[in-house]
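Trainee: Can you keep this structure in mind? I'll have questions shortly.
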Amino acid sequence: MPALPILFAAESQPDLPLHEQLTRTLRRAILAGHLPLDSRLPATRVLAQDLQISRSTVELAFSRLEAEGYLRRQVGVGSFVAIAAQPKKPRPRKTAAGLSQRGQLIVEAGACRDAALPFAAFTAGQPDPAAFPRELWGKMTQQRWKKDGERLMRYGDSQGLPELREAIAGYLAQSRGVVCDAAQILVLTSSQQALQLIAQLLIDPNDTVWLEEPGYLGARNAMLSAGAKVIPVPVDDEGMNTDISRDLSAPKLIYTTPSHQYPLGVTMSLPRRMALLEQANQHNTWIIEDDYDSEFSYDQRPLPALQGLDQHGRVIYVGTFSKVLFPSLRIAYVVLPPDLMKPFVNARAAFDGHTPQLAQAVTADFMHQGHFAAHIRQMRLLYRSRRDLLLACLQPLSQLIQPVNVNGGLQFAVEIAQHKEATWTAAGLAKGLALRPLSQFYFDDVKKTGWLLGYASLSNTQISAAVNTLKECIR
Ligand SMILES: Cc1ncc(COP(=O)(O)O)c(C=O)c1O
1 MPALPILFAA ESQPDLPLHE QLTRTLRRAI LAGHLPLDSR LPATRVLAQD LQISRSTVEL
61 AFSRLEAEGY LRRQVGVGSF VAIAAQPKKP RPRKTAAGLS QRGQLIVEAG ACRDAALPFA
121 AFTAGQPDPA AFPRELWGKM TQQRWKKDGE RLMRYGDSQG LPELREAIAG YLAQSRGVVC
181 DAAQILVLTS SQQALQLIAQ LLIDPNDTVW LEEPGYLGAR NAMLSAGAKV IPVPVDDEGM
241 NTDISRDLSA PKLIYTTPSH QYPLGVTMSL PRRMALLEQA NQHNTWIIED DYDSEFSYDQ
301 RPLPALQGLD QHGRVIYVGT FSKVLFPSLR IAYVVLPPDL MKPFVNARAA FDGHTPQLAQ
361 AVTADFMHQG HFAAHIRQMR LLYRSRRDLL LACLQPLSQL IQPVNVNGGL QFAVEIAQHK
421 EATWTAAGLA KGLALRPLSQ FYFDDVKKTG WLLGYASLSN TQISAAVNTL KECIR
């Protein structure tokens, strides 16, 4: 690779602070593959000397890249590249581990894990386990096991337990305006599995995929792992905006989170929904509608799902129980256009058979007996009160931190000044706050800086304490 001092000098942008310039240089070097996965970076002291800048500047850049997930740092050992370059084109590669090209792409694309501080304050996307009716769940599990244990111990249907598919179809029709029956539902372990399955079955290397920008890393990684050419499509106040001047090459697949855009929280407007469906129809392409947390809409009823508006069978609807029940349950589902069901069930059988039967059965009972709807109602109230408290606590900081699109979900995005994101993120991390930088969700140029702040799993006391800690970090 070109030496770091040369890259740093070549990419100099004097209007930006030095740590920001260095962060960008390193980020680009990593994304371009000049700094491969697991390679060690020079020590901060050495790099500071080489670049003739202060060590604290290098420290800031490294901390920011660590917070964004580009670097992995270990005290006394060093700083290592934690993500792989974005593959421009799948090409033959020799790997030390002897992986196939496909395997290499999957590994390079990486997983979507909140590696740093998974249980820290402000971790996004976490429902509250303390508010879950564990005793009831335990009792229902025992009842099912006693009544039906032998059947549930055998191999099950790869498409999913029929009673769960019935329950999901009923719920989706009633609450989300999804038009489907149980035969169109495939039960999986996670939305992530759904995205991988869709990518592996529908995408050939170099096929174009449109993805929201900023967007969900789990979707981006799944598409990259299938060798897709990802085109980031900007999100504005009405959601994903495909009507932009630059030419977008025709997609094979479009990924979107219309109910509650991840991470910005925008709801896609009805005209945009109609336009997107029309484009999908024109291009003969699939739309993945990832409806991961629309149950938690606090100030207005959520718009019905895109899938229900679709006249041409182009939408693949993805739903999950990770947010609405609990993430380690590992049950999610896709609603598939009828032609896709058989190949998807076969592929699912080929990969891992099926989702554990007992968990599916208990989830079905939980839904059929009305506990699911009651739990959603209770959590909606609880999380809304936590959202309100967090907003109130942040109010005195409104000059520095501006919440955006706070209408629903388990988290909301806040904007902060661009030159503060790295320093404040690093300061927060040092004090145990999981401040997830918005810049991390961009594929191209970063347009908004700030954080995604999770609040749903924090008690009132924890929310106040976390904001007090945040105040110390941004002083
Ligand atoms: C946009 C989006 N989709 C889906 C999920 C849920 O994923 P899973 O079902 O794999 O737990 C998340 C979780 O954070 C998410 O943010």
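Just so you know, we're using the UniProt record's numbering here: the sequence shown kicks off at 1 and counts up by one. Beta carbons are placed, not taken as given, at the ideal position from N, Cα and C, and that holds for glycine. The structure presented is a predicted model; accordingly, all values stated were derived computationally and were not measured.
Of the residues 317, 392, 301 and 267, which one's Cα is nearest the Cα of residue 289?
Mentor: The sequence position of residue 289 within the sequence shown is 289, counting from 1. For residue 289, the nearest C-alpha among the options comes from 317.
Trainee: From residue 145 to residue 155, what distance separates their C-alpha atoms?
Mentor: Reading the sequence shown from its first residue, position 145 is the one you call residue 145. Reading the sequence shown from its first residue, position 155 is the one you call residue 155. Within the model, the alpha-carbon separation for residue 145 versus residue 155 is close to 15 Å.
Trainee: Considering residue 383, what are the terminal residues of the beta strand (DSSP E) in which it resides?
Mentor: In the sequence shown, counting from the first residue as 1, residue 383 sits at position 383. Where residue 383 is concerned, there is no enclosing beta strand (DSSP E), although the alpha helix (DSSP H) it sits in stretches over 371-394.
Trainee: How would you write the range of the alpha helix (DSSP H) that residue 149 sits in, first residue to last?
Mentor: Translated into the one-based positions of the sequence shown, residue 149 becomes position 149. Note, residue 149: alpha helix (DSSP H), 134-153.
Trainee: Tell me which residues share the same chain as residue 273 and place their Cβ nearer than 7 Å to its Cβ, disregarding the 5 neighbours each side in the sequence.
Mentor: Within the sequence shown, residue 273 is the residue found at index 273, counting from 1. 258, 306 and 309.
Trainee: Kindly list the residues whose CB is nearer than 6 Å to the CB of residue 189, restricted to its own chain and excluding five residues on each side of it in sequence; keep chain order.
Mentor: As a first step, residue 189 must be located in the sequence shown, where it is residue number 189. Around residue 189: 330 and 355.
Trainee: By the DSSP assignment, the beta strand (DSSP E) with residue 290 in it spans what residues?
Mentor: The sequence position of residue 290 within the sequence shown is 290, counting from 1. Segment 286-290, the beta strand (DSSP E) holding residue 290.
Trainee: Would you mind giving the Cβ-Cβ distance between residue 285 and residue 338, rounded to the nearest angstrom? I have them listed as a contact below 8 Å.
Mentor: Within the sequence shown, residue 285 is the residue found at index 285, counting from 1. Within the sequence shown, residue 338 is the residue found at index 338, counting from 1. About 18 Å separates the two Cβ atoms, so there is no contact after all.
Trainee: Which residues, in chain order, sit with a beta-carbon under 5 Å away from any heavy atom of ligand 1?
Mentor: 125, 190, 191, 192, 216, 262, 290, 292, 320, 322 and 332
Trainee: Give the secondary structure of residue 262 by DSSP, where H, G and I count as helix, E and B as strand, and everything else as coil.
Mentor: Walking along the sequence shown from the start, residue 262 turns up at place 262. Coil, per DSSP.
Trainee: Excluding the five sequence neighbours on either side, which residues of its own chain have a C-beta within less than 8 Å of the C-beta of residue 129, listed in chain order?
Mentor: Locating residue 129 in the sequence shown gives position 129, counting from the first residue. Excluding residues within five positions, the ones whose Cβ falls inside 8 Å are 326 and 457.
Trainee: Report yes if the CB atom of residue 241 is closer than 7 Å to the CB atom of residue 234, and no otherwise.
Mentor: In the sequence shown, the residue the question calls residue 241 occupies position 241. In the sequence shown, the residue the question calls residue 234 occupies position 234. Yes, they are a contact pair.
Trainee: What separation, rounded to the nearest whole angstrom, lies between the Cα atoms of residue 426 and residue 392?
Mentor: Translated into the one-based positions of the sequence shown, residue 426 becomes position 426. Translated into the one-based positions of the sequence shown, residue 392 becomes position 392. C-alpha of residue 426 to C-alpha of residue 392: approximately 24 Å in a straight line.
Trainee: Assign residue 294 to one of two classes, buried (16 or more other C-beta atoms within 10 Å of its C-beta) or exposed (fewer than that).
Mentor: Taking the sequence shown and counting its residues from 1, the one referred to as residue 294 is at position 294. Residue 294 should be labelled buried.
Trainee: Could you give the DSSP three-state label for residue 162: helix, strand or coil?
Mentor: The sequence position of residue 162 within the sequence shown is 162, counting from 1. Helix at residue 162.
Trainee: Using the three-state DSSP reduction, which class does residue 236 fall into: helix, strand or coil?
Mentor: Taking the first residue of the sequence shown as 1, we reach residue 236 at position 236. In the structure shown, residue 236 sits in a strand (DSSP, three-state: E or B).
Trainee: Have a look at the DSSP bridge pairing and note the partners of residue 68.
Mentor: By one-based count along the sequence shown, residue 68 stands at place 68. Beta-bridge pairing links residue 68 to no other residue.
Trainee: Should residue 351 be labelled buried (16 or more other beta-carbon atoms within 10 Å of its own) or exposed?
Mentor: Counted from its first residue, the sequence shown places residue 351 at position 351. Exposed is the call here.
Trainee: Between residue 441 and residue 214, is the Cβ-Cβ spacing less than 7 Å?
Mentor: Reading the sequence shown from its first residue, position 441 is the one you call residue 441. Reading the sequence shown from its first residue, position 214 is the one you call residue 214. Closer than 7 Å, so yes.
Trainee: Among 4, 105, 65 and 263, which one has its Cα closest to the Cα of residue 52?
Mentor: Against the sequence shown, residue 52 aligns to sequence position 52. Of 4, 105, 65 and 263, the residue nearest in Cα terms is 4.
Trainee: Are the beta-carbon atoms of residue 418 and residue 449 separated by less than 7 Å?
Mentor: Numbered from 1 along the sequence shown, position 418 holds the residue referred to as residue 418. Numbered from 1 along the sequence shown, position 449 holds the residue referred to as residue 449. Their beta carbons are under 7 Å apart, which means residue 418 touches residue 449 by this criterion.
Trainee: Less than 8 Å between C-beta atoms, sequence neighbours within five positions excluded: which residues of the same chain meet that for residue 245?
Mentor: In the sequence shown, the residue the question calls residue 245 occupies position 245. Note that residue 245 has pLDDT 48, beneath the 50 cutoff, so the model's placement of it is unreliable and the number below is only indicative. There are no such residues.
Trainee: Please list, in chain order, all residues of the same chain as residue 79 whose beta carbon is under 6 Å from its beta carbon, the five residues on each side excluded.
Mentor: As a working mapping, residue 79 is identified with position 79 in the sequence shown. So the qualifying residues of the chain are 41, 62, 71 and 73.
Trainee: Taking 8 Å as the cut-off, does the region 381-390 touch the region 219-229 (at least 3 CB pairs, one atom from each stretch)?
Mentor: no
Trainee: What separation, rounded to the nearest whole angstrom, lies between the Cα atoms of residue 122 and residue 112?
Mentor: Along the sequence shown, read from residue 1 onward, the residue named residue 122 stands at position 122. Along the sequence shown, read from residue 1 onward, the residue named residue 112 stands at position 112. Between residue 122 and residue 112, the C-alpha separation is close to 17 Å.
Trainee: Give me the residue from 424, 322 and 379 with the minimum Cα distance to residue 193.
Mentor: Stepping through the sequence shown from its first residue, residue 193 is reached at position 193. Nearest of 424, 322 and 379 to residue 193, Cα basis: 322.
Trainee: Leaving out five residues on either side along the sequence, give the residues of the same chain with a beta carbon under 6 Å from the beta carbon of residue 287.
Mentor: For the purposes of this step, residue 287 is identified with residue 287 of the sequence shown, where counting begins at 1. Here the set comprises 254, 280, 314 and 315.
Trainee: Look at the Cβ atom of residue 463, then the Cβ atom of residue 424, and state whether they are nearer than 7 Å.
Mentor: The residue you call residue 463 lines up with position 463 of the sequence shown. The residue you call residue 424 lines up with position 424 of the sequence shown. Contact: no.
Trainee: Any idea which residues DSSP pairs residue 332 with across the strands?
Mentor: Indexing the sequence shown from 1 puts residue 332 at position 332. Looking at the DSSP assignment, residue 332 forms a beta bridge with 188 and 320.
Trainee: Pick out whichever of 387, 153, 451 and 178 has its Cα sitting closest to the Cα of residue 298.
Mentor: Indexing the sequence shown from 1 puts residue 298 at position 298. Comparing Cα positions, the closest option is 387.
Trainee: Quick one: Cα of residue 17 to Cα of residue 217, how far?
Mentor: As a first step, residue 17 is located in the sequence shown; it is residue number 17 there, counting from the start. As a first step, residue 217 is located in the sequence shown; it is residue number 217 there, counting from the start. So the two alpha carbons sit approximately 27 Å from each other.
Trainee: Would the beta-carbon of residue 364 fall within 7 Å of that of residue 163?
Mentor: By one-based count along the sequence shown, residue 364 stands at place 364. By one-based count along the sequence shown, residue 163 stands at place 163. Contact: yes.
Trainee: Alpha carbons only, please: which of 470, 210 and 333 is nearest the one belonging to residue 432?
Mentor: Residue numbering aside, residue 432 sits at position 432 when the sequence shown is read from its first letter. When each option's Cα is compared against that of residue 432, the closest is 470.
Trainee: Taking the alpha carbon of residue 219 as the point to measure from, which residue in 328, 139, 176 and 263 has its own alpha carbon closest?
Mentor: If you number the sequence shown from 1, residue 219 lands on position 219. The residue with the shortest Cα to Cα distance from residue 219 is 263.
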